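K.L.:
My questions will all concern the structure given below.
This is the structure:
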């Protein structure tokens with residue numbers, strides 16, 4: 001006998017009626033049962049016709065059917081500046097009234113532009129990643145990186161909005177850097193990955209400024225800090241080579257040969273060059289001496305400036321080998337480049353390249369933290385809006401206590417990270433306008449790697465948790481949520497991994513001969529003392545003071561131990577600094593006379609976590625020398641490296 005497919009059976013209609021299949025389809029099945037069995041001939045014929053129509057419709061692929069019912073409502077967010085209560089309260093607290101008035105107006109206008117124009121361009125950048133065209137139709141090598149119109153428009157917008165210029169014009173003196181940072185923070189999640197070239201452009205401008213803007217670089221500085229879209233340049237940062245990683249002392253193979261006219265020609269392979277479509281770049285190389293020898297080591301690297309293309313648009317003796325196939329940030333061209341005599345200018349003292357480029361690294365690390373906080377804020381904004389729309393188990397997600405607790409925990413992390421990066425930017429503004437004390441400078445040196453490493457780890461955790469708050473929909477590519485996840489995961493890697501930066505934190509202690517920690521302790525103590533008058537914050541202040549005591553005890557104990565102890569403790573130590581300082585900033589913000597209940601709750605909740613993990617680990621003997629051997633035993637048990645059988 002002929003049997004209907006399962007999806008055409010009467011049993012299937014019953015399933016549709018019960019709501020276990022697609023909404024909108026089951027309504028069509030209902031007339032079949034509502035007609036009953038006692039029908040006239042005419043009615044029966046009508047029902048048969050209706051039934052045949054339903055079956056014909058079911059045979060049409062879903063993609064061709066008219067959409068009848070929305071399964072879930074899309075979360076819609078508004079002006080990102082107006083919807084960010086913490087940002088607005090922070091600016092109101094810190095900016096002088098006249099500056100606040102002008103900045104507030106600019107940010108509201110920028111927020112509207114992000115919402116109505118820029119956000120859509122960002123998505124277009126994601127859908128149209130760069131393409132590498134190595135040869136033209138006639139077989140000539142052109143090495144052309146083709147970017148989409150939206151990416152090019154982002155460059156114009158960056159100039160128009162002064163996303164680099166704002167920091168160097170200093171219209172608002174020491175507050176100009178903060179103004180710029182806030183605009184970058186708002187821009188990041190809609191930028192389609194353009195935040196990355198902006199970070200390196202800002203870093204390049206900072207290096208040139210730190211060198212006193214020599215005459216040969218004046219034109220480049222003007223282009224890098226221009227508000228004119230037709231003049232604005234972006235910069236690359238070419239450090240990573242074939243040996244890869246942060247070990248530039250042993251990994252840099254590129255050499256520089258001096259020419260009769262005083263310029264240099266660079267020869268080498270740059271393995272990972274972000275924003276390869278940039279106009280200029282800063283790069284490290286080793287100078288070949290008069291005898292044709294090249295010295296190795298950290299102190300023999302020099303810093304060079306080069307234009308990527310000449311006046312005719314031809315590559316500057318640079319060959320593009322390929323574009324990197326990355327997990328995220330696919331909107332931006334990252335390439336492998338072969339420098340085959342690229343013309344460049346030596347801009348550092350010979351052998352002082354790393355010291356000179358450190359200004360660039362500090363700026364890009366700050367940008368990294370800004371992007372991390374922006375990613376967290378964006379995901380939480382979407383998550384909280386979705387909770388207002390999505391119904392599950394008979395009520396909105398926002399009415400499920402456990403769901404809201406989860407989002408609230410992410411919010412606390414985001415608030416702490418936000419205040420930490422704003423504090424660093426505030427200190428940078430003071431330094432750039434010669435208004436910083438020696439203590440401010442030491443604190444900036446310490447907190448920059450701390451914030452970069454900690455916010456990178458925070459962001460990865462928060463955005464993944466936020467994705468989960470959407471259920472299966474969070475895993476769907478066309479929602480745009482996976483893009484945020486992928487782009488966020490690089491933030492703990494780019495500009496130094498967590499371990500590399502943890503060791504950099506230790507170097508800041510050594511270089512200052514411990515003075516930086518004295519500044520850290522005194523700054524935290526002063527901020528906590530100002531909050532003691534707020535009764536609701538007393539428990540949080542007490543928890544923070546206990547954590548500070550634990551950190552001081554660790555420092556004292558570590559002094560009597562070897563270097564292995566501090567290296568093993570480096571990551572926990574850096575986390576401790578981040579949690580204590582961010583928590584102190586949350587307490588300080590909550591102690592304001594006009595602080596909200598949410599401000600106070602955020603400070604209280606932050607302080608409920610383990611604030612001093614380094615002290616706890618020391619008590620557990622986690623930093624003893626024998627632990628190094630046990631770490632290896634744990635990792636390699638059963639591995640061929642130990643000669644063990646699986």
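Residue numbers (UniProt numbering): 1 to 646.
Using N, Cα and C, we set each Cβ at its ideal position, and we do this for glycine too.
The model shown is predicted, which means the values in this text are computed figures rather than measured ones.
For residue 41, count the other beta carbons within 10 Å of its own beta carbon; 16 or more makes it buried, fewer makes it exposed. Which is it?
P.N.:
As a working note, residue 41 is residue 41 in the chain shown. Legend: pLDDT at residue 41 = 48, less than 50; position of this residue unreliable, value from coordinates given subsequently. Exposed, because fewer than 16 other Cβ atoms sit within 10 Å of the Cβ of residue 41.
K.L.:
Taking the runs of the alpha helix (DSSP H) that are 4 residues or longer, which of them lie wholly in the region 211 to 263?
P.N.:
Taking only runs of at least 4 residues, the alpha helix (DSSP H) segments lying wholly in the region 211 to 263 are 215 to 224, 248 to 251.
K.L.:
Rounded to the nearest angstrom, how far is the Cβ of residue 603 from that of residue 547, given a contact under 8 Å?
P.N.:
For the purposes of this step, residue 603 is taken as the residue at position 603 of the chain shown. For the purposes of this step, residue 547 is taken as the residue at position 547 of the chain shown. Not quite, the Cβ-Cβ distance comes to about 13 Å (not below 8 Å), so this is no contact.
K.L.:
Under a Cβ-count criterion, where at least 16 other Cβ atoms within 10 Å of its own Cβ denotes burial, should residue 455 be classed as buried or exposed?
P.N.:
Position 455 of the chain shown, counted from the start, is the residue given in the question as residue 455. With 16 or more other Cβ atoms within 10 Å, it is buried.
K.L.:
Leaving aside the five residues before and after residue 344 along the sequence, list all residues of the same chain whose C-beta is less than 6 Å from its C-beta, in chain order.
P.N.:
Translated into the one-based positions of the chain shown, residue 344 becomes position 344. The residues are 264, 266, 304, 306.
K.L.:
For residue 251, collect the residues of the same chain with a Cβ closer than 7 Å to its Cβ; drop the 5 residues on either side in sequence, then sort them by chain order.
P.N.:
Counting from 1 along the chain shown, the entry for residue 251 is found at position 251. Around residue 251: 241, 243, 244, 245.
K.L.:
Measuring only the C-alpha atoms, how far is residue 423 from residue 638?
P.N.:
Residue mapping note: residue 423 aligns to position 423 of the chain shown, counting from 1. Residue mapping note: residue 638 aligns to position 638 of the chain shown, counting from 1. Going by the C-alpha atoms only, they are around 47 Å apart.
K.L.:
In this structure, how does DSSP classify residue 471 when only helix, strand and coil are distinguished?
P.N.:
The residue given as residue 471 occupies position 471 in the chain shown. It is helical.
K.L.:
Among residues of its own chain, excluding the 5 on either side of residue 38, which ones have a beta-carbon nearer than 6 Å to its beta-carbon?
P.N.:
In the chain shown, the residue the question calls residue 38 occupies position 38. Because residue 38 carries a pLDDT of 43, less than 50, the predicted location of this residue cannot be relied on, and the following value inherits that uncertainty. Counting only Cβ-Cβ distances below 6 Å, and skipping sequence neighbours, we find nothing.
K.L.:
Where residue 232 and residue 155 are concerned, what is the direct C-alpha to C-alpha distance, given to the nearest angstrom?
P.N.:
The residue given as residue 232 occupies position 232 in the chain shown. The residue given as residue 155 occupies position 155 in the chain shown. C-alpha separation (whole angstroms): 8 Å.
K.L.:
Should residue 72 and residue 192 be called a contact, given that it needs their Cβ atoms to be closer than 8 Å?
P.N.:
As a position in the chain shown, residue 72 is number 72, starting the count at 1. As a position in the chain shown, residue 192 is number 192, starting the count at 1. Cβ distance not < 8 Å, so residue 72 and residue 192 don't count as in contact.
K.L.:
Counting Cβ pairs, one atom from each stretch, are 3 or more of them under 8 Å apart for the region 392 to 407 and the region 483 to 494?
P.N.:
Touching, no.
K.L.:
Does the distance from the C-beta atom of residue 622 to that of residue 371 stay below 8 Å?
P.N.:
Mapped onto the chain shown, residue 622 falls at position 622. Mapped onto the chain shown, residue 371 falls at position 371. For residue 622 and residue 371, no; Cβs fall outside 8 Å.
K.L.:
Taking only three categories from DSSP, how would you classify residue 367?
P.N.:
Locating residue 367 in the chain shown gives position 367, where the first residue counts as 1. The answer is helix: DSSP assigns residue 367 an H, G or I state.
K.L.:
Report the residue from 394, 569, 391 whose alpha carbon sits nearest the alpha carbon of residue 624.
P.N.:
To locate residue 624, count along the chain shown from 1; it is residue 624. Checked all of 394, 569, 391; the closest Cα to residue 624 is 569.
K.L.:
Let me know the secondary structure DSSP gives residue 43 once reduced to three states.
P.N.:
By one-based count along the chain shown, residue 43 stands at place 43. With a pLDDT of 47 at residue 43, under the threshold of 50, the modelled position of that residue is not reliable, and the figure given next carries that caveat. If DSSP states are grouped into helix, strand and coil, residue 43 belongs with the helices.
K.L.:
Could you tell me which of 581, 81, 209, 578 sits nearest to residue 433, measuring between CA atoms?
P.N.:
Residue numbering aside, residue 433 sits at position 433 when the chain shown is read from its first letter. That would be 209, whose Cα lies nearest to the Cα of residue 433.
K.L.:
Here's the rule: buried if 16 or more other CB atoms are within 10 angstroms of the residue's CB, otherwise exposed. What is residue 632?
P.N.:
Working through the chain shown from its first residue, we reach residue 632 at position 632. Residue 632 is exposed by the Cβ-count criterion.
K.L.:
If contact is defined by three or more beta carbon pairs under 8 Å, each pair taking one atom from either stretch, is the region 121 to 133 in contact with the region 314 to 330?
P.N.:
Taking 8 Å as the limit for Cβ pairs, the verdict is that the region 121 to 133 does touch the region 314 to 330.
K.L.:
Bridge partners of residue 267, per DSSP?
P.N.:
The residue given as residue 267 occupies position 267 in the chain shown. Beta-bridge pairing links residue 267 to 255, 340.
K.L.:
Which same chain residues end up closer than 6 Å to residue 253 when comparing Cβ atoms and leaving out the 5 residues on each side of it in sequence?
P.N.:
Within the chain shown, residue 253 is the residue found at index 253, counting from 1. Same-chain partners within the cutoff: 241, 268.
K.L.:
Where does residue 302 sit, in a helix, a strand or coil, going by DSSP?
P.N.:
Stepping through the chain shown from its first residue, residue 302 is reached at position 302. Correct three-state label for residue 302: strand.
K.L.:
Relative to the C-alpha of residue 362, which candidate in 311, 421, 375 has its C-alpha closest?
P.N.:
The count along the chain shown starts at 1 and reaches residue 362 at position 362. Minimum Cα distance to residue 362 is reached at 421.
K.L.:
Could you tell me if residue 556 is buried or exposed, where buried requires 16 or more neighbouring beta carbons within 10 angstroms of its beta carbon?
P.N.:
Position 556 of the chain shown, counting from 1, holds the residue named residue 556. Exposed.
K.L.:
Please report the straight-line C-alpha distance between residue 166 and residue 180, rounded to a whole angstrom.
P.N.:
As a position in the chain shown, residue 166 is number 166, starting the count at 1. As a position in the chain shown, residue 180 is number 180, starting the count at 1. The alpha-carbon atoms of residue 166 and residue 180 are separated by roughly 6 Å.
K.L.:
Tell me whether residue 273 sits in a helix, a strand or coil according to DSSP, three-state version.
P.N.:
What you label residue 273 is simply residue 273 of the chain shown in a count that begins at 1. Residue 273 falls in the strand class under three-state DSSP.
K.L.:
Have a look at 573, 521, 411 and flag the residue whose alpha-carbon is nearest the alpha-carbon of residue 606.
P.N.:
Position 606 of the chain shown, counting from 1, holds the residue named residue 606. The shortest Cα separation from residue 606 among 573, 521, 411 belongs to 411.
K.L.:
May I ask which residues mark the beginning and end of the beta strand (DSSP E) holding residue 284?
P.N.:
Taking the first residue of the chain shown as position 1, residue 284 is located at position 284. Here the beta strand (DSSP E) through residue 284 covers 280 to 287.
K.L.:
Counting pairs of beta carbons, one from the region 375 to 390 and one from the region 293 to 304, are three or more of them closer than 8 Å?
P.N.:
Judged by Cβ distances under 8 Å, the region 375 to 390 makes no contact with the region 293 to 304, as fewer than three pairs qualify.
K.L.:
Assuming the contact rule is C-beta atoms closer than 8 Å, residue 357 and residue 207 should be a hit. Round their C-beta distance to whole Å, please.
P.N.:
The residue labelled residue 357 in the question sits at position 357 within the chain shown. The residue labelled residue 207 in the question sits at position 207 within the chain shown. Right, the Cβ-Cβ distance comes to about 6 Å (below 8 Å), so this counts as a contact.
K.L.:
Could you name the residues of the same chain whose beta carbon sits closer than 6 Å to that of residue 277, not counting the 5 residues immediately before and after it, in chain order?
P.N.:
Translated into the one-based positions of the chain shown, residue 277 becomes position 277. Taken in chain order, the residues that qualify are 145, 147, 333.
K.L.:
Would you mind sorting residue 549 into buried or exposed? The rule is 16 or more other CB atoms within 10 Å of its CB.
P.N.:
By 1-based counting over the chain shown, the position of residue 549 is 549. Looking at its Cβ environment, which holds fewer than 16 other Cβ atoms inside 10 Å, residue 549 is exposed.
K.L.:
List in chain order: all unbroken alpha helix (DSSP H) runs of 4+ residues lying wholly within the region 76 to 162.
P.N.:
List check, alpha helix (DSSP H) in window: 85 to 94, 97 to 113, 119 to 127, 149 to 160.
K.L.:
The alpha helix (DSSP H) spanning residue 516 covers which residue range?
P.N.:
Residue 516 sits at position 516 when you count from the first residue of the chain shown. Residue 516 -> alpha helix (DSSP H) spans 515 to 531.
K.L.:
Am I right that residue 122 and residue 190 are in contact with their C-beta atoms under 8 Å? What's the rounded C-beta distance?
P.N.:
Within the chain shown, the letter at position 122 stands for residue 122. Within the chain shown, the letter at position 190 stands for residue 190. About 5 Å separates the two Cβ atoms, so the contact holds.
K.L.:
Going straight from the alpha carbon of residue 444 to that of residue 142, what length do you get?
P.N.:
Taking the chain shown and counting its residues from 1, one reaches residue 444 at position 444. Taking the chain shown and counting its residues from 1, one reaches residue 142 at position 142. In a straight line, the C-alpha of residue 444 is about 44 Å away from that of residue 142.
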